[in-house]
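These notes concern the structure reproduced below.
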Amino acid sequence: MPSSSEKSELTDEFETLHQGLYPESDSYDCSFRVGKGDDTQIFRCHKLVLAAKSEAFAKMLMGYYRKGHLGRDEPIAFDDCNPITFDLAMRFVYNNVQEFSTVPLACDVCKFAHKWLFPELKQAALNAVRKTKTDADALMVYEMHTLLFERERKQCKKFIVDNTEAVLNSDSWIKAQQSTIVEICKEPVLSLSSEKQLFDALVLWGKANSDSDSNLRLKIDSALKEIRFLTMSVKGFTELCKSNPEILSGDEKFLILSCIANDDPIDMPPGFNKLEKERKPIYPLKYCYNPYSNMREGGFKANRKMNFSFKY
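Per the UniProt record's numbering: the sequence shown = residues 1 to 312.
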């Protein structure tokens, strides 16, 4: 059997040999039709290269599956991935070239690598995501981590909670998944100056993701019922209804307004949030002890229990 050093040399030699085989090579022995509808593209690849990098491809191409025995010009259908993502993945697999420099591209490549068991590609894509994360990308990164990594999902959610206003105002807000929008609206703590900000952002998302005005309420209904209308004033809620007359029904407006005016949530419309507490984060008090404070000048003796100051 070859020694570890010999194995390393063989690996390096293999890596060198398959560089230059992609994207164009006459020696390909398998092909893939990637994408759906008009957005499809044929990629010509090599079974040995893909099998060496991915256990999933090794089983598919080198095992007993029918796909592994197709002719080189009989493309294997890959309709769960777009051509751009597949191309970026292959450029890394073949040539160790990392061209997924933006968060959207890196997220797509990471999900592809996770599904098809390309560990090196997955780590490279994750590193790219971590380097470039901004307010505008927070939702996209959160959705990726929801699928893949629980620990990083929690870290990303904390980022959203701490930077809610920036996230709501980012271009990526209207591109977020519906489940993500609902989850954010359910959060007990968000960094907002008012609940109206969340309501306005929800309506904006709904209009961008609805086929028609009549479908808007249906699209946002689950998230809308998480809005804490009872944190608003009578005047604030009235102005909100005037600027968005199509969102709530007449009965809903009347019941919510009555609850706000009476300071009693009992008659809120069915399914609507009854909480009266604002979502603003509560920062813990920080205290410091100063045994040499000037409290003694007022006639007090230095007292360990009294010489504290509080900071917000």
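By construction, the Cβ of each residue, glycine as well, lies at the ideal position given by its N, Cα and C atoms.
Just to confirm the assignment: which complete beta strand (DSSP E) runs, minimum length 3, are found wholly within the region 46-124? DSSP runs (the beta strand (DSSP E)) wholly in the region 46-124: 76-78.
Considering only residues of the same chain and omitting the five flanking positions on each side of V167, which have a CB-CB separation below 7 Å? If we look at V167 and ignore the five residues flanking it on each side, its Cβ neighbours are D135, A138, L139, I160, W173.
Alpha-carbon to alpha-carbon, K131 and I84: Distance between the alpha carbons of I84 and K131 is about 21 Å.
Please list the terminal residues of the continuous beta strand (DSSP E) segment that includes S31. S31 -> beta strand (DSSP E) spans 30-36.
Quick one: what does DSSP say I247 is sitting in, helix, strand or coil? Coil, per DSSP.
Residues that DSSP places opposite D39 in a beta bridge: Residue pairing by DSSP places D39 opposite K36 in a beta bridge.
Do M144 and K111 have their beta-carbon atoms positioned less than 8 Å apart in this structure? For K111 and M144, yes; Cβs fall inside 8 Å.
Quick check on D264: buried or exposed, where buried means 16 or more other Cβ atoms within 10 Å of its Cβ? Result: exposed.
Are the CB atoms of E239 and Q197 nearer to each other than 8 Å? No, the pair does not count as a contact, with Cβ atoms beyond the cut-off.
CB-CB length for P281 against S191, believed under 8 Å: Between P281 and S191 a beta carbon distance of about 6 Å is seen, short of the 8 Å cut, so the two are scored as contacting.
Taking 6 Å as the limit between beta carbons, can you name the residues of its chain near A176, skipping five residues before and five after? Hits under 6 Å: L139.
So what's R153 in DSSP terms, helix, strand or just coil? It is helical.
Tell me which residues share the same chain as S25 and place their Cβ nearer than 8 Å to its Cβ, disregarding the 5 neighbours each side in the sequence. Excluding residues up to 5 positions away in sequence, R44, H46 lie with their Cβ nearer than 8 Å to the Cβ of S25 in the same chain.
For the putative contact between I220 and G206, defined by C-beta atoms under 8 Å, what is the C-beta separation to the nearest angstrom? Sure, about 4 Å apart at Cβ, within 8 Å.
Report the three-state DSSP secondary structure of Y289 (helix, strand or coil). With a pLDDT of 43 at Y289, under the threshold of 50, the predicted position of this residue should be treated as unreliable, though the coordinate-derived value follows. Shown here, Y289 sits in a strand according to DSSP, grouped into three states.
By Cβ distance below 7 Å, which residues in the same chain neighbour A201 in space, the five residues on each side in sequence not counted? By the criterion of a C-beta distance shorter than 7 Å, A201 is surrounded in its chain by L168, W173, once the five residues flanking it on both sides are discounted.
Identify whether P284 lies in helix, strand or coil by the three-state DSSP scheme. Its pLDDT being 49, under 50, P284 is placed unreliably in this model, and the value from its coordinates should be taken loosely. The answer is coil: DSSP assigns P284 none of H, G, I, E or B.
Could you spell out the range, first to last residue, of the alpha helix (DSSP H) harbouring V182? Segment 178-186, the alpha helix (DSSP H) holding V182.
Quick one: residues in its chain with C-beta nearer than 6 Å to the C-beta of L117, no 5 flanking neighbours on either side, listed in chain order? Setting aside the 5 residues that flank it on each side, L117 is surrounded in the same chain by S54, E55, A56, each with a C-beta closer than 6 Å to its C-beta; the list follows chain order.
Looking at V109 and L88, is the spacing between their C-beta atoms short of 8 Å? Going by C-beta atoms, L88 is nearer than 8 Å to V109.
I266, buried or exposed, once every other Cβ within 10 Å from all chains shown has been counted against 16: With fewer than 16 Cβ atoms within 10 Å of its Cβ, I266 is classed as exposed.
What residue does the alpha helix (DSSP H) around T164 start on, and which one ends it? Bounds of the alpha helix (DSSP H) holding T164 are 164-168.
Judging by CA-CA distance, which residue of Y94, Y142, L204, M232 is the nearest neighbour of E120? Closest option to E120, Cα to Cα, is Y94.
Can you tell me where the alpha helix (DSSP H) with A208 in it begins and where it stops? Where A208 is concerned, the enclosing alpha helix (DSSP H) stretches over 195-208.
Checking 8 Å against the spacing of the C-beta atoms, do V34 and Q41 come in under that value? Against a cut-off of 8 Å, the Cβ pair of Q41 and V34 comes out as a contact.
For K122, does the count of other Cβ atoms within 10 angstroms reach 16, so buried, or fall short, so exposed? Label assigned to K122: buried.
Determine the direct distance from the alpha carbon of Q178 to that of K154, and round the result to whole angstroms. Whole-angstrom Cα-Cα distance: 19 Å.
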